[in-house]
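**Student:**
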Amino acid sequence: MAIGGTMQLIAGRVFGAIFLLISFLIVYFFMTRAVKGSVPKVRKMAGLEAIPESIGRAAETGRPVHYTPGTAGFSGAAAGFAAQTFAGLSVLTHVSRLTARYKVPLYVTLAYGEHIPLVESILRESYNLEGRPEAVATETKILYFPIATSNAPYASGVLGLFERIKPASNIMIGPFYFEALAIAEQGFIEGAMQIAGTAMTYQIPFFVVACDYTLIGEEIFAAGAVVSQDKPLLGSIAGQDIIKIITIALLLGGFILQNLGVDFLSLLKF
Amino acid sequence: MSSTFLNKELPIILIFATGVIMIASYFVSAPEIYLDPLASNLSQAASLVAAYATILGIVTLAIIHINHVVKRTKGQWIYSIVALALALLMIVVGFIGELGTHPYFIWLYQYPLIALDTTIYSLLAFYIVSAAFRAFKVRSVEALILVVAGIFVMLMNAPVGAAIWSGFPTIGNWIMSVPNSSGFRGFIIGAAIGAIAIGLRVLLGKEKGVLGRS
Amino acid sequence: MSSLEKLEKIDRRIVYLILIIVVAAVLLRPIGLPIPISASTKKYYDAINSLPPGSVVALGVDFDAGALPELGPMLEATLKMLFNSDKKFVIFSLWSGGPAVSTIYLNKLKDLIESSGKKYGEDYVLLPYIAGGETAAAALAKDFKNTVKNDYYGTSVDKIPLLKNINTAKDFALLITITAGTPGVEEYLRQWVSPFGIKFCVGALGVSAPNYMPYYTSGQIYGMIQGSRGAAEYELLIGSPSTAASSMDALSAGHIVTIVFILLGNIVFVLRKYSRKEVKS
Amino acid sequence: MAISTDPSVWVAALLTIMAYTIIYKDNPLYKLAEHILVGLSAGYLFIQTWKMIYKSSIVPLFNGSGILFGGITIVLGVLLFTKFSKRYGWLSNISIAVLVGTATGLTVRGYLFAQLIDQVKASIKVVGNLPPLDMFNAILSLIMVVCTLSYFLFTFEQKGALGWLAKFGRYTMMAAFGAAYGGTVMTRLTIFIQRMQYLLFTWLGLA
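Residue numbers (the numbering used here), protein chains in the order written: chain A, 1 to 270; chain B, 1001 to 1214; chain C, 2001 to 2281; chain D, 3001 to 3207.
(1) Is the stretch 225-237 of chain A close to the stretch 14-23 of chain A, with three or more CB pairs under 8 Å?
(2) Counting only C-beta atoms, is V1147/B closer than 8 Å to chain A at any point?
(3) Quick one: which chain B residues come within Cβ less than 9 Å of F3156/D?
(4) Am I right that Y202/A and T3184/D are in contact with their C-beta atoms under 8 Å? What's the rounded C-beta distance?
(5) By how many angstroms is the C-alpha of F176/A removed from the C-alpha of P105/A?
(6) Which partner residues of M2224/C appear in the DSSP bridge assignment?
(7) Run down chain B in chain order and give the residues with a C-beta less than 7 Å from the C-beta of S3095/D.
(8) T2217/C and S1181/B look like a contact to me (Cβ under 8 Å); what is the Cβ gap, rounded to whole Å?
(9) Which residues, taken in chain order from the stretch 191-210 of chain A, show a beta carbon closer than 8 Å to some beta carbon of chain C?
(10) My guess is that I2130/C and L2106/C are in contact by the Cβ rule of under 8 Å, so how many angstroms apart are they, rounded?
(11) How should P205/A be labelled, buried or exposed, when 16 other C-beta atoms within 10 angstroms of its C-beta is the threshold for buried?
(12) May I have a chain-ordered list of the alpha helix (DSSP H) segments no shorter than 4 residues that lie completely inside the stretch 3009-3063 of chain D?
(13) Look at I1151/B and L181/A and say whether their C-beta atoms are less than 8 Å apart.
(14) K1074/B CB to nearest chain A CB: under 8 Å?
(15) Would N1067/B pass as an interface residue toward chain D - the criterion being a Cβ-Cβ separation below 8 Å?
(16) How many Å lie between Y2222/C and M3144/D at the Cα?
(17) Compare the C-beta of L3189/D against all C-beta atoms of chain E and say whether one is closer than 8 Å.
(18) Got a sec: is the Cβ-Cβ distance from E1142/B to anything in chain D below 8 Å?
(19) Among I1171/B, E1142/B and M1176/B, whose alpha-carbon lies nearest the alpha-carbon of Y3171/D?
(20) Give the DSSP-derived three-state secondary structure of P2036/C in the structure shown.
(21) Mind pulling the beta strand (DSSP E) runs of 3 or more residues that sit fully within the stretch 2126-2181 of chain C?
(22) Would you decide whether D2011/C is buried or exposed? Buried here means 16 or more other CB atoms lie within 10 Å of its CB.
(23) Is the shortest distance between the beta-carbon of F2269/C and the beta-carbons of chain B less than 8 Å?
(24) Apart from the five residues just before and just after L2271/C, which ones in its own chain have a Cβ nearer than 8 Å to its Cβ?
(25) Which residue comes first and which comes last in the alpha helix (DSSP H) that contains H1065/B?
(26) Could you tell me the alpha carbon to alpha carbon distance between V2157/C and F2092/C, rounded to whole angstroms?
(27) As a quick exercise: from Y2016/C, T2135/C and A2067/C, pick the residue whose alpha carbon is nearest that of A2180/C.
(28) I want to know whether the stretch 3162-3169 of chain D touches the stretch 1074-1086 of chain B - three or more CB-CB distances under 8 Å.
(29) Quick check on the burial criterion: 16 or more other C-beta atoms within 10 angstroms. Buried or exposed for E190/A?
(30) Would A238/A and F30/A qualify as a contact pair, given that the criterion is a beta-carbon distance under 8 Å?
(31) Along the chain, which unbroken stretches of the beta strand (DSSP E) at least 3 residues long are found entirely within the stretch 2074-2134 of chain C?
(32) I need the DSSP call for M2213/C, collapsed to helix, strand or coil.
(33) Consult DSSP for I1104/B and reduce its assignment to one of helix, strand or coil.
(34) Just tell me which of S169/A, V42/A, T6/A and G217/A has its CA closest to the CA of E60/A.
(35) Spatial neighbours of A2047/C within its chain, please: CB distance less than 7 Å, with the 5 preceding and 5 following residues excluded, ordered by chain position.
(36) So the candidates are N1173/B, V1210/B and I1196/B; which of them puts its Cα closest to the Cα of Q3115/D?
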């Protein structure tokens, strides 16, 4: 398809170009709209709804809460998982507000040094907002188990901690590797109410069976956006929903048309 | 030029420009403005920048260990010396002859490195079996579906399944190619739409975490 | 603590010990269970077998030491099949471990290479590691020789006869990746398969095979070896059973241990729940 | 067969046992083993990466075959190292921007075709003349894909019909995660079995 001069759209990629352009416009539209004040409402997520209950239970039993935003650093090979870590950190703002309110001890375990200052500032801010700035020093604790080649030392550090503190509530949201399994197992054995979420597909099975609530895949981004009220992100989520609906329409409409003898597939190959 | 331009705006302009070149070159053929060779050189250059970034990562790791040694961090500095010494050994041997081809270099990989790396990965077998007993509990319909599908797939993967009952591999195969394939397909399509949205946010400089900002 | 509760909280090291004993016992006294061949492995074999003589295969060795136990046998068998065939191949790698792993297997197959009469540089070639993940995959697909510059031993790509007519991904008859993950299947799908329409085969870890199924059922992946079980099948297909095939009985035993533990754990769980209800009422 | 006399095998076997001590508990031997691995891996990665930089970025600059390309990549590469300076650290963002922009562009267009359009195409099958079982599977597959996708709609409450679709989508994913779990078991056992084979056969020479 000629555009002008010798410039032309490459055959077979025209449908894709149009689809991408429309998708960009939709996401852009909803992002701008959200920033201007029309913030979309995100549906209920059982895992997120259960957090206050779980921290309330910790308050009742007098046992602490454990939180981790996952085990991927911001640099190198894991950089692609930064969005998951940020989702985990957003949920931590929510969790730490509640622990401050209910006066429950909060343990945050970390595997990467670069997460420490971020977590420190989140905790400080939450306890300030709840009017108990002094409690940060006494009621929260950040434990750092650095990762060398494998996550085994982090896992064994957290397992040791669980045996000592016997958490009533264990919340883990972010990118995880195999330590997910070991920690969720120990949490189950200690009788903690467990809420977990990750977009690492290999780890989801372990969370589903060992935890009470699991946020699956993109749910953690939505959860992070909800608790942080990050407007561009919420707008983008609404935009993605529209693209998903368009895709569902293509799937169903395409299937029906193709079976009625209309060559729908050639449109996708255009 | 003010330093905020170089500091804040230039990187975002560069992200936008390189991103748009890569996307446009895929859809449009424009020999007049050398779009294709530009994109091709750009991906080669980006690969090299990634290689430099890898070296940066190794240097950062070395600095962490050197700091441990200098500060005599309790319970760590001796291990840091071991790590630094072996890294140095590997590098020195690597520089003998054509880079990284000397038999001693391959030996260091073939015996110590493979033994340690595979052993550490094999620890997961223990974790999985212990979790299977201690925490793999069917507490909901969802967990039930997961466990049943898992057991059928295991009995397809292990030859013993077919030896017990020929139906195990058949059902396992069906689970793999129908519910598993469809579930992951839905997941993948969702993730692809997510990637397009994140892509736009990155190109517009609206994504957290890019460029080390939070 | 009730005895059921004690059983549930049993020291994990006892569970570990049971696994070690069962696997060691079966390794020392193998049973010899038959290994049926699955369709996806057969297609991997057929994809190589059906290529016209002289076709050039791109073989991505995209894993490192940690994945060697499962992927090493696939690489070894693939190399055996290629050396015994009339095809040519280019070994390259998006993982830093690739060159060392390839060297280890090329050394191991020295006798076969000699008897096959294949010449380095004309029939096969080993290229160095290319950093950059997806950007590297894209650069290779677009301009293969300019991206690698030299082979692993330092010879300029212009002096290697096999690479004379290789410029883009289109010049390969088949792309194979034996991969432990990222970069791997998805990067090639995005940068090689979709834009260039090249036929694609995968040697996958057991853990990743379910994730790749949507691409296999869609035909984007033509043939796939799924984990060590697939590797054993492939070894049988090329008529050279080796490490993977010999570990299959132990694999079965390990699986049985896992399944028995899942069932046992759940029985204890249900009994405990039941006994707690009794106490309450 | 008897116990191995090959020193290389002894090195590998002893390191294997050292690393396995962690299954009893965390201890200095494991930590030592781990740091040996950290050192060797870092050194190995350095050599392989340096090889690429040297041949593709430095040599072309000095032998004149790619002065512009070599020069630009060296500058971008060196700028990364300003990260260590408080004052000039921001300069590294220029190189990161090129990397991020290029990778994002590549990923977006790649996802669009390989993981969106091609996957949609694969779900649209003509079922009229298929055998009954295949027809059933094709239709079921399509329904499962649609339900899974509808689970990830976030700005609509999961009520009424959407609630049912999303629930079925979640069940579908559970079957997929079950399969993934099965695959994980195979991989982990394989690696463990291979280590056992090494210890029992290659090292101790049993069987």
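C-beta: ideal position from N, C-alpha, C; glycine also.
**Tutor:** Per the coordinate set shown:
(1) no
(2) yes
(3) Result: empty, since nearest Cβ-Cβ is about 14 Å, beyond 9 Å.
(4) 6 Å
(5) 24 Å
(6) V2202/C, per the DSSP bridge assignment.
(7) V1049
(8) 5 Å
(9) T201 and Y202
(10) Their Cβ separation, rounded to whole angstroms, is 19 Å, which puts I2130/C and L2106/C out of contact at 8 Å.
(11) buried
(12) Here the runs fully enclosed are 3028-3053 and 3059-3063.
(13) no
(14) no
(15) no
(16) If I take the Cα positions, the gap works out to 23 Å.
(17) This model lacks chain E altogether, as its protein chains are A, B, C and D.
(18) yes
(19) E1142/B
(20) coil
(21) 2174-2179
(22) exposed
(23) yes
(24) So the list reads L2004, once near-sequence residues are dropped.
(25) In the DSSP annotation of this structure, the continuous segment of the alpha helix (DSSP H) that includes H1065/B starts and ends at L1035 to K1071.
(26) 13 Å
(27) A2067/C
(28) no
(29) With 16 or more Cβ atoms within 10 Å of its Cβ, E190/A is classed as buried.
(30) For A238/A and F30/A, yes; Cβs fall inside 8 Å.
(31) 2088-2093 and 2124-2129
(32) Residue state, collapsed to three classes: helix.
(33) The displayed chain sequence assigns Tyr, not Ile, to residue 1104/B. In the structure shown, Y1104/B sits in a helix (DSSP, three-state: H, G or I).
(34) S169/A
(35) The beta carbon of A2047/C sits closer than 7 Å to those of L2174, K2199, C2201, Y2222 and G2223, all from its chain and outside the five residues before and after it, given in chain order.
(36) Considering only N1173/B, V1210/B and I1196/B, the residue with the shortest C-alpha distance to Q3115/D is I1196/B.
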